[in-house]
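So the sequence lines, in the order shown, correspond to chains A and B.
For what it's worth, our numbering labels the leading residue of the first sequence as 1, then goes sequentially.
For what it's worth, our numbering labels the leading residue of the second sequence as 208, then goes sequentially.
Before any comments, here is the structure.
Protein chains: 2
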Amino acid sequence: MKQIISKAAIERLALYFRILKSAQEEGVEIISSEEIGKRTDFTPVQIRKDLALFGQFGMKGVGYFTNDLLNKIGNILGLNNHWKVAIIGIGHLGGALANYRNFANNGFKLTALFDKDEKVIGSKVHDLEISDVKDLKKIIKEREIQIGVITVPEAEAQGVANLLTDAGVKGIWNFAPTKLIVPNEIHLVNEDLAMDLSMLSYYISKN
Amino acid sequence: MKQIISKAAIERLALYFRILKSAQEEGVEIISSEEIGKRTDFTPVQIRKDLALFGQFGMKGVGYFTNDLLNKIGNILGLNNHWKVAIIGIGHLGGALANYRNFANNGFKLTALFDKDEKVIGSKVHDLEISDVKDLKKIIKEREIQIGVITVPEAEAQGVANLLTDAGVKGIWNFAPTKLIVPNEIHLVNEDLAMDLSMLSYYISKN
């Protein structure tokens, strides 16, 4: 399916995916739009409308087969592709992400870790060894990694983005608080923690 | 100033704040909208329009006084309030956030850390001791903490949100991938990493 859906709709689908994943783990085989509504903030009408966009998922008056719906939403979001992920910069944040269980829960496979610090190169996070960032291009190509997560300091982030681009990744998840320049064909998602914190500050100060 | 500005405008202001902070550190005393434009992705016209919303900041044909502008944007965003912050759940992510230098850069003061694990209670991150979550209410009140950061597992997040509400915080920054229910007067910002990762997956899979 190549239709472009709105950012807001993708966000809702990602939320449905999570809710359904929990329901699946609880052994819920059939789930109604009312139940999905109760677990999210959306009305059953909104949910049925969203899900109808992607074809006929449900059984009228009964509900949706959890596995089937999960599989279909996973396909739409590309989460069944088992994207391979590398993290560059294994400091506090990179280390926390290397331990982030939602990678696996969402079908991502953590496949390489990189750092430039001799003191951490060669050590392991779970079973994955931290490699020298000098070998980034070679390893990204060999392991067919599609997503790079940047958790290096601000001043080094563009350099790492260039290395990742050169190595042929398809997407970059950037945690460095800086504007990265990447070619159009590379998808960049910025995780801007300081900005969200500023947002919270603004709302609080208006009270 | 009690006027309500859009979420997009707040995001731009937060970005200007960061850019100006860097410029200040570089010793730039006067900065033009062209220069701010070069460091962001916005046109000088957009920038002048945004800044004009909040009164007359600049000198026509010269630029803005960096310190003055930084101070005014900081006031608008509430970043000059020196909000006191507590982190609850000092695992990988909570630990990474406890080491997050942007708290201080943005005028936030990390004032308490909490965990329920006997093994970490009493140990320190920099100079701040990890307290028992049982003492949360008392410590939040004593230290006049306004913001709670939730980095506990999903299943415990609502319980912690309730404790924070009861202790009287004004805002919650939630990293647990779950929908929290809090009273209207508490501002909640969700940091939904799994959702952003799903977004990236969607964009990549459309290529």
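Don't be surprised by glycine CBs; every beta carbon is placed ideally from N, CA and C.
Note that the structure is predicted; figures quoted are calculated from it, not measured.
Listed by position along chain A, the residues whose Cβ is nearer than 7 Å to that of Arg225 (chain B) are Pro177 and Ala194. Identification of residues in the segment 33-53 of chain A having a C-beta nearer than 9 Å to some C-beta of chain B yields Arg39, Thr40 and Asp41, given in sequence order. In this structure, Ser198 (chain A) places its C-beta atom within 8 Å of the C-beta atom of Leu284 (chain B). Shown here for Ser330 (chain B): same chain residues with a beta carbon closer than 6 Å to its own, the five before and five after excluded, namely Ile337 in chain order. Secondary structure at Val189 (chain A): strand, using DSSP grouped into helix, strand and coil. For Gln353 (chain B), the neighbours in chain A by C-beta distance under 7 Å run, in chain order, Ile204. In the structure shown, Glu233 (chain B) adopts coil according to DSSP, grouped into three states. Ala221 (chain B) belongs to the set of residues whose beta carbon lies under 8 Å from a beta carbon in chain A.
Taking 9 Å as the cut-off between beta carbons, the residues of the segment 96-122 of chain A near chain B are Ala96, Leu97, Ala98, Asn99, Tyr100, Asn102, Phe103, Asn105, Asn106, Gly107 and Phe108, in sequence order. With three or more CB-CB distances shorter than 8 Å, the segment 106-121 of chain A counts as touching the segment 80-93 of chain A. Take the alpha-carbon of Ile121 (chain A) and the one of Glu233 (chain B): they are about 33 Å apart. Proximity of Ile217 (chain B) to chain A, defined by a Cβ-Cβ separation below 8 Å, is satisfied.
Taking CB atoms only, Val359 (chain B) has no neighbour in chain A less than 8 Å away. Leu343 (chain B) does not reach chain A, its nearest Cβ partner there being about 19 Å away, counting only Cβ pairs nearer than 9 Å. Distance between His333 (chain B) and Asn369 (chain B), taken at the CA atoms: about 28 Å. The criterion of a C-beta distance shorter than 8 Å is satisfied by Ile147 (chain A) and Trp173 (chain A). Residue pairing by DSSP places Glu129 (chain A) opposite A:Lys124 in a beta bridge. Straight through space, the alpha carbons of Lys316 (chain B) and Leu276 (chain B) are spaced by roughly 22 Å. Residues Gln353 of the same chain have their beta carbon placed closer than 6 Å to that of Lys377 (chain B), with the five preceding and five following residues left out of the count. Residue environment for Val356 (chain B): buried (at least 16 other C-beta atoms within 10 angstroms of its C-beta).
Under the 10 Å beta carbon count, His394 (chain B) is surrounded by 16 or more other beta carbons and is classified as buried. The alpha carbon of Ala9 (chain A) has as its nearest neighbour, out of A:Ala167, A:Arg48 and A:Glu34, the alpha carbon of A:Arg48. Listed along chain A are Asp196, Leu197, Met199, Leu200 and Tyr203, each with a C-beta nearer than 9 Å to that of Val396 (chain B). At a cut-off of 8 Å between C-beta atoms, Asn81 (chain A) counts as an interface residue with respect to chain B. If you ignore the 5 residues before and after Glu351 (chain B), its C-beta comes within less than 7 Å of the C-beta of Lys291, all in its own chain and listed in chain order. Relative to the Cα of Pro384 (chain B), the nearest Cα in the group B:Gly244, B:Leu400, B:Ala259 and B:Gly375 belongs to B:Leu400.
For Leu180 (chain A), there are no C-beta contacts with chain B under 8 Å, since the nearest C-beta of that chain is about 11 Å from it.
Spatial neighbours of Glu154 (chain A) in its own chain (CB-CB distance under 7 Å, excluding positions within 5 residues in sequence) are listed in chain order as Ala176, Pro177 and Thr178. C-alpha of Ile5 (chain A) to C-alpha of Val45 (chain A): approximately 18 Å in a straight line. Your pair Thr273 (chain B) and Ile237 (chain B) checks out as a contact, with CB atoms roughly 7 Å apart and the cut at 8 Å. Spatial neighbours of Arg12 (chain A) in its own chain (CB-CB distance under 6 Å, excluding positions within 5 residues in sequence) are listed in chain order as Asp50.
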